[in-house]
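There are 2 protein chains.
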Amino acid sequence: MIENLTVIGPGLIGGSLIRALKENNGVKNVTACSRNMNNLDKALKLGVIDTAIADTATAVREADIVVIATPVGAILEVFKTIKDQLKPQAVVTDVGSVKMSLIRELQAEYGDVPQFFVPAHPVAGTEKSGVEASFASLFADRKVILTPTANTDPDSLKRVRDMWEMTGAKVIEMDGEWHDIILSATSHLPHVLAYALVTQLSSMQESEDIFTLAAGGFRDFSRIASSDATMWRDICLSNTDKIREMLKSYQLQLAKMDKMLKEQDSEGLYKVFANAKKVRDAHFE
Amino acid sequence: MIENLTVIGPGLIGGSLIRALKENNGVKNVTACSRNMNNLDKALKLGVIDTAIADTATAVREADIVVIATPVGAILEVFKTIKDQLKPQAVVTDVGSVKMSLIRELQAEYGDVPQFFVPAHPVAGTEKSGVEASFASLFADRKVILTPTANTDPDSLKRVRDMWEMTGAKVIEMDGEWHDIILSATSHLPHVLAYALVTQLSSMQESEDIFTLAAGGFRDFSRIASSDATMWRDICLSNTDKIREMLKSYQLQLAKMDKMLKEQDSEGLYKVFANAKKVRDAHFE
Chain A
224 MIENLTVIGP
234 GLIGGSLIRA
244 LKENNGVKNV
254 TACSRNMNNL
264 DKALKLGVID
274 TAIADTATAV
284 READIVVIAT
294 PVGAILEVFK
304 TIKDQLKPQA
314 VVTDVGSVKM
324 SLIRELQAEY
334 GDVPQFFVPA
344 HPVAGTEKSG
354 VEASFASLFA
364 DRKVILTPTA
374 NTDPDSLKRV
384 RDMWEMTGAK
394 VIEMDGEWHD
404 IILSATSHLP
414 HVLAYALVTQ
424 LSSMQESEDI
434 FTLAAGGFRD
444 FSRIASSDAT
454 MWRDICLSNT
464 DKIREMLKSY
474 QLQLAKMDKM
484 LKEQDSEGLY
494 KVFANAKKVR
504 DAHFE
Chain B
224 MIENLTVIGP
234 GLIGGSLIRA
244 LKENNGVKNV
254 TACSRNMNNL
264 DKALKLGVID
274 TAIADTATAV
284 READIVVIAT
294 PVGAILEVFK
304 TIKDQLKPQA
314 VVTDVGSVKM
324 SLIRELQAEY
334 GDVPQFFVPA
344 HPVAGTEKSG
354 VEASFASLFA
364 DRKVILTPTA
374 NTDPDSLKRV
384 RDMWEMTGAK
394 VIEMDGEWHD
404 IILSATSHLP
414 HVLAYALVTQ
424 LSSMQESEDI
434 FTLAAGGFRD
444 FSRIASSDAT
454 MWRDICLSNT
464 DKIREMLKSY
474 QLQLAKMDKM
484 LKEQDSEGLY
494 KVFANAKKVR
504 DAHFE
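So the protein lines, in turn, are chains A and B.
At position 250 of the first sequence the residue is numbered 473 (my numbering), and the sequence of numbers has no breaks.
At position 130 of the second sequence the residue is numbered 353 (my numbering), and the sequence of numbers has no breaks.
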């Protein structure tokens with residue numbers, strides 16, 4: 224059991240982590256701080272956290288584990304603020320969707336990623352944000368990816384692994400570079416694509432009819448375009464090269480399909496659609 | 224109440240229409256035929272239809288309303304087969320996702336869209352197909368779009384409207400051209416985009432990890448890529464120009480976003496994301 228947990232930025236992810244740990248007797252005291260006092264207040268009122276502390280440095284002093292659950296772009300600043308306030312055995316981890324930018328920032332700042340910092344990414348979420356959207360089962364059977372470096376302390380790694388396993392997640396380890404490639408494909412590119420479609424359609428003169436007449440397919444396809452803008456701006460700014468590479472390859476695929484449309488290539492279109500359906504059906508219900 | 228209804232191709236849409244009508248005492252006898260004898264057999268065994276007839280021409284002889292629920296590319300052939308077999312007061316309608324290609328085909332074949340043919344499109348569905356995926360509430364609170372022409376008989380139009388209203392759908396009328404523009408934006412383009420993404424990712428060397436590590440966002444985004452390949456090939460071949468126009472404008476939007484990524488345009492990305500979120504949140508839960 225974690226004696227004292229501090230979550231910095233207890234939104235959908237941080238809040239759900241706390242709820243899952245509490246439900247499984249995995250944590251005793253939860254302290255949180257946030258730039259967003261309104262969200263912090265909600266977290267207290269909902270009983271998700273036990274103590275709210277406005278000052279980040281103060282909030283981590285008793286912590287055994289600190290989870291930085293802010294958007295990617297704020298993690299380094301938070302870490303710099305808390306680093307010298309921590310107890311000797313404290314472990315720090317994050318939940319960011321991009322790992323290499325942070326790893327490189329920490330290396331640039333400290334010569335290496337500090338031993339007690341375990342880069343992590345729970346691959347789970349919804350399009351909602353804020354602590355009021357959090358729920359205990361968010362991580363059940365989901366993957367949590369840890370991307371330790373050569374410098375990561377094995378005991379710190381184990382403590383972060385144990386914490387996530389208590390939420391029902393499957394914890395795996397992976398190289399940070401590989402993580403960022405995989406996530407650019409499964410998550411970052413799709414978000415860019417969905418945001419682009421909603422942007423395009425909202426600027427059309429037919430836009431009112433379009434959104435009124437959209438059915439379930441469009442609702443599901445565009446769901447991720449309801450995700451938090453700050454979070455996704457930060458991800459795009461942090462994993463830019465890999466996202467652009469994915470996007471380039473996607474644009475080539477679109478050009479191929481446009482050619483098939485232009486040439487009325489019945490067989491070609493059928494093959495692409497049938498194969499995509501087969502692949503997707505093999506992986507999802 | 225419809226005395227005799229014939230559905231040609233009783234899959235997800237045709238089957239759900241029949242179930243909804245039966246649940247609301249909207250139909251007495253349902254006959255169906257299909258090229259897919261396996262599906263026809265299932266429809267009988269599930270009790271969705273009362274009579275299965277293999278021969279299309281024979282299947283419509285007693286019908287008061289005939290619903291052609293085949294993929295778009297097969298509708299004209301079916302209509303040519305049944306036209307001279309119909310009772311004098313029979314009405315024919317379809318459920319295709321593209322309206323102008325059929326309207327033009329009928330005009331080319333008969334000089335005008337026959338008075339008793341009501342072009343229709345229920346804007347509802349799932350990524351599943353086949354009669355076993357059908358359910359009575361599929362059309363509840365969904366839109367059904369009728370695109371009558373100047374030649375459409377008002378009584379035929381009313382009978383098709385009444386039929387769909389019995390399913391709980393909201394029936395609206397619209398110009399066929401406008402319908403095809405709206406649907407290219409809300410449905411046809413998103414399907415092409417989802418098929419393209421699954422195709423791209425499945426061809427990558429990281430593909431196994433990609434599909435294993437994909438989370439809920441990707442599952443929702445790519446759901447429509449599990450749709451029936453024949454149906455979507457036909458739609459792409461029938462609404463080609465409008466889909467290509469939408470695709471072109473989408474590619475321009477992607478190029479704009481790629482430029483923002485390249486230039487690390489933090490403010491620009493935030494604005495696009497925040498605005499898209501606002502628009503989507505305003506239209507969906």
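In this text, a Cβ means the ideal position worked out from N, Cα and C, and glycines have one as well.
- In the pairwise beta carbon analysis, the stretch 444-463 of chain B is classified as touching the stretch 399-418 of chain B: at least three pairs are separated by under 8 Å.
- With fewer than 16 other beta carbons inside 10 angstroms of its own, Asp278 (chain A) counts as exposed.
- Here Val283 (chain B) carries a coil assignment [DSSP, helix/strand/coil].
- Trp455 (chain A) has a beta carbon lying within less than 8 Å of a beta carbon in chain B.
- Judged by DSSP secondary structure, Glu226 (chain B) falls within the beta strand (DSSP E) whose first and last residues are 225-231.
- DSSP, read as helix, strand or coil, puts Ile276 (chain B) in coil.
- Annotated as proximal: Arg467 (chain A) and Lys485 (chain B), with beta-carbon spacing under 8 Å.
- For Glu429 (chain B), the residues of chain A that pass the 9 Å Cβ criterion are Trp401, Ile404, Ile405, Ala408, in the order they occur in the chain.
- A straight line joining the alpha-carbon of Pro294 (chain A) with that of Gly319 (chain A) spans about 7 Å.
- Only those residues of the stretch 269-303 of chain A whose C-beta falls short of 8 Å from the nearest C-beta of chain B would be listed, and there are none.
- Take the alpha-carbon of Cys256 (chain A) and the one of Tyr333 (chain A): they are about 25 Å apart.
- For Ile395 (chain A), the uninterrupted beta strand (DSSP E) run begins and ends at 393-396, by DSSP.
- In the DSSP annotation of this structure, the continuous segment of the alpha helix (DSSP H) that includes Asp378 (chain A) starts and ends at 377-388.
- For Asp264 (chain B), the secondary structure class from DSSP, reduced to helix, strand or coil, is helix.
- Shown here for Ser461 (chain B): same chain residues with a beta carbon closer than 6 Å to its own, the five before and five after excluded, namely Val295, Val321, Ser324 in chain order.
- Here the alpha carbon of Val314 (chain B) sits roughly 9 Å from the alpha carbon of Gln338 (chain B).
- When secondary structure is reduced to three states using DSSP, Thr316 (chain B) falls in the strand class.
- Contact check for Leu267 (chain B) and Ala275 (chain B): beta-carbon distance about 5 Å, within the 8 Å limit, so the pair qualifies.
- C-alpha of Met224 (chain B) to C-alpha of Gly249 (chain B): approximately 5 Å in a straight line.
- Between the C-alpha atoms of Trp387 (chain B) and His506 (chain A) there is a straight-line separation of about 35 Å.
- Setting aside the 5 residues that flank it on each side, Ile447 (chain B) is surrounded in the same chain by Glu350, Pro413, His414, Ala417, each with a C-beta closer than 7 Å to its C-beta; the list follows chain order.
- For Phe507 (chain B), the chain A residues whose C-beta falls within less than 7 Å of its own C-beta are Arg442, listed in chain order.
- Cβ proximity to chain B below 8 Å picks out nothing from the stretch 234-258 of chain A.
- Pro413 (chain B): member of the alpha helix (DSSP H) spanning 412-425, first to last residue.
- Neighbours of Gln423 (chain B) in chain A, taken as residues at a C-beta separation under 7 Å, are given in chain order as Ser472, Tyr473, Gln476.
- Just so you know, the alpha carbons of Phe434 (chain B) and Leu477 (chain A) end up roughly 20 Å apart.
- Membership of Asn252 (chain B) in the beta strand (DSSP E) is indicated by the continuous run 250-256.
- Each residue's CA atom was taken as its position, placing Ile291 (chain B) and Asp317 (chain B) some 5 Å apart.
- In the DSSP assignment, Leu369 (chain A) falls outside any alpha helix (DSSP H) and within the unbroken beta strand (DSSP E) covering 366-369.
- Distances from the CA of Glu246 (chain B) to each of B:Phe362, B:Ile288, B:Thr229, B:Asn262 were compared; the closest alpha carbon is that of B:Phe362.
- In summary, Leu436 (chain A) is buried, with 16 or more beta-carbon neighbours lying within 10 Å of its beta-carbon over all protein chains present.
- In the three-state reduction of the DSSP assignment, Ala343 (chain A) falls in the strand class, which pools E and B.
- About 13 Å separates the CB atoms of Ile404 (chain A) and Glu431 (chain B); that is not less than 8 Å, and the two are not in contact.
- At least one CB atom of chain B sits nearer than 8 Å to the CB of Asp481 (chain A).
- For Val289 (chain A), the uninterrupted beta strand (DSSP E) segment begins and ends at 288-291.
- Gly353 (chain B) and Ser239 (chain A) have their C-alpha atoms some 38 Å from each other.
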